[in-house]
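Student: All the letters of the sequence shown, read from the start, carry residue numbers 1 to 49 under full-length UniProt numbering.
Here it is, the structure, as structure tokens.
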Amino acid sequence: MRELSCLLDGLRCSACLSDNTLWLDLAAGLVECRECGQGALIDHHGEEL
């Protein structure tokens, strides 16, 4: 089974300011901070990935 989420290395959470805690989940269309739980939905329909 393929992992569908990946660490966004080098980025910082704007809510808690933690480094390297943001994860991108393409299947869910979500970026989430694993430290504080802050999340943001992304719209990637129509874009080449």
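For each residue, glycine too, the CB sits at the ideal point set by N, CA and C.
In the structure shown, what three-state DSSP assignment does D43 receive?
Tutor: coil
Student: Thinking C-beta only, is C6 closer than 8 Å to residue 52?
Tutor: Outside the displayed range of the chain (1 to 49) lies residue 52, so it cannot be described from this structure.
Student: In or out: C13 buried (at least 16 other Cβ within 10 Å) or exposed?
Tutor: Under the 10 Å beta carbon count, C13 is surrounded by 16 or more other beta carbons and is classified as buried.
Student: At the level of alpha carbons, what is the spacing between R34 and I42?
Tutor: 17 Å
Student: In the structure shown, what three-state DSSP assignment does residue 57 receive?
Tutor: Any answer about residue 57 is impossible in this case: the structure gives the chain only from 1 up to 49.
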